[in-house]
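**Q** Throughout, our numbering is defined as the position within the sequence shown, counted from one, plus 534.
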Amino acid sequence: MGAYKYMKETYQKELKERGDLIKNRIFKWRREPVVKRVEKPTNLVRARTLGYKAKDGYVVARVRIGKGKRRRQTPSGGRKPAHAYLLVQPGTSLRGQAEQKANRKYSNLEVLNSYVVGEDGNYKFFEVILVDKERTGTKLNKRRAYRGITSSGKKSRGYRAKGKRKPRRRSKKKERAKSLEKKGRPGTVKPKEKKEAPKKRARKKAAPKKRAPPKAKE
């Protein structure tokens, strides 16, 4: 890996010192199609680290993704003012969206991995590595980009951490209460106390009625 070490240093040095070259490159990429196949990867070291090989069956596609939130679908019926929002935050990351776009165009291939190659104020550019399973003989899950099985999908789903960890969507009320308790501030939010069920009253058994003695026959 001696050569790759120097290639990586050269690439990083180029990013810092040759800003004009990077600007011209991004200026050119903005005028290209959203998904475009490229002959060779821009960052060769990163591509080789993620599994790219310069042989038949491996394809690299550059994808342009817009930054920011997404417009929601137009609702069919009316909405109250509180629910009349326009933008939504997508569940997948930009990198995950780029992988899905590339796989949508090259549907006979499977996504192996992806990496960032540049960005500007409006867009972010990724290079996605796609593989033909029949030619290369690699074993990959079907439609893995849509199922969150790729590296970016596992990251956005929180599978990078190992062992015991906090749940991602914990109650904000409980989190705030714990943080205030640690700081020793008044006004902590106490958890609701469970009300004890009322005890059932034992019914008093009525005393048996005394029967009158039978009358003697005359």
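Where is the CB? At the ideal position from N, CA and C, for every residue including glycine.
When DSSP labels each residue in this structure, what does Asn762 get in the three-state scheme?
**A** Lying before the first or after the last residue shown, residue 762 is absent from the chain, which here runs from 535 to 752.
**Q** How would you label Val585, buried or exposed, when you count the other beta carbons within 10 angstroms and need 16 or more for buried?
**A** By one-based count along the sequence shown, residue 585 stands at place 51. Rather than Val, the amino acid found at residue 585 in this sequence is Gly. When all chains shown are included, Gly585 counts as exposed.
**Q** Please work out which residues of its chain come closer than 6 Å, Cβ to Cβ, to Arg580, disregarding the five sequence neighbours upstream and downstream, and give them in chain order.
**A** Taking the first residue of the sequence shown as 1, we reach residue 580 at position 46. Cβ neighbours of Arg580 beyond the five flanking positions: Tyr649.
**Q** Can you tell which of Ala679, Arg605 and Val662 has the C-alpha that lies nearest to the C-alpha of Lys570?
**A** The residue you call residue 570 lines up with position 36 of the sequence shown. The residue with the shortest Cα to Cα distance from Lys570 is Val662.
**Q** Using 8 Å as the threshold, is the region 560 to 576 in touch with the region 584 to 604, meaning 3 or more CB pairs across them?
**A** Taking 8 Å as the limit for Cβ pairs, the verdict is that the region 584 to 604 does touch the region 560 to 576.
**Q** Measure the CB-CB distance between Ile599 and Lys658 and report whether it falls below 8 Å.
**A** Along the sequence shown, read from residue 1 onward, the residue named residue 599 stands at position 65. Along the sequence shown, read from residue 1 onward, the residue named residue 658 stands at position 124. Yes, the Cβ-Cβ distance between Ile599 and Lys658 is below 8 Å.
**Q** Please tell me whether Leu620 and Arg606 are closer than 8 Å, where the distance is taken between their beta carbons.
**A** Stepping through the sequence shown from its first residue, residue 620 is reached at position 86. Stepping through the sequence shown from its first residue, residue 606 is reached at position 72. Result yes, Cβ atoms of Leu620 and Arg606 sit closer than 8 Å.
**Q** Looking at the structure shown, is Ala595 part of a helix, part of a strand, or coil, going by DSSP?
**A** Here residue 595 is taken as the residue at index 61 of the sequence shown, counted from 1. DSSP places Ala595 in strand when its eight states are reduced to three.
**Q** Nearest to Gly655 by CA position, among Arg677, Thr608, Gly671 and Lys601, is which residue?
**A** Working through the sequence shown from its first residue, we reach residue 655 at position 121. The residue with the shortest Cα to Cα distance from Gly655 is Lys601.
**Q** Tell me whether Thr478 is buried or exposed, calling it buried when 16 or more other Cβ atoms sit within 10 Å of its Cβ.
**A** Within the shown structure, residues of the chain are numbered from 535 to 752, placing residue 478 beyond reach of any answer.
**Q** Taking only runs of the alpha helix (DSSP H) that begin and end inside the region 660 to 713, which ones reach a length of at least 4 residues, in chain order?
**A** Counting only runs of 4 or more, we get 667 to 670 and 685 to 690.
**Q** With Arg691 and Glu644 assumed to form a contact (beta carbons below 8 Å), what rounded beta-carbon distance in angstroms separates them?
**A** Taking the sequence shown and counting its residues from 1, one reaches residue 691 at position 157. Taking the sequence shown and counting its residues from 1, one reaches residue 644 at position 110. Contact doesn't hold; Cβ gap of about 19 Å is too wide.
**Q** Given a threshold of 16 other Cβ atoms within 10 Å of its Cβ, counted over all protein chains shown, does Ser641 qualify as buried or as exposed?
**A** Residue mapping note: residue 641 aligns to position 107 of the sequence shown, counting from 1. It is exposed - the Cβ of Ser641 has fewer than 16 other Cβ atoms within 10 Å.
**Q** I'd like the span of the alpha helix (DSSP H) that includes Val579, first residue to last.
**A** Counting from 1 along the sequence shown, the entry for residue 579 is found at position 45. Per DSSP, Val579 belongs to the alpha helix (DSSP H) from Leu578 to Thr583.
**Q** May I ask you to report which of helix, strand or coil DSSP gives Leu621?
**A** Position 87 of the sequence shown, counting from 1, holds the residue named residue 621. Of the three classes helix, strand and coil, the one that applies to Leu621 here is strand, per DSSP.
**Q** Select from Leu578, Leu674, Lys557 and Pro609 the residue whose C-alpha is nearest the C-alpha of Ala537.
**A** Residue numbering aside, residue 537 sits at position 3 when the sequence shown is read from its first letter. Per the Cα distances, Leu578.
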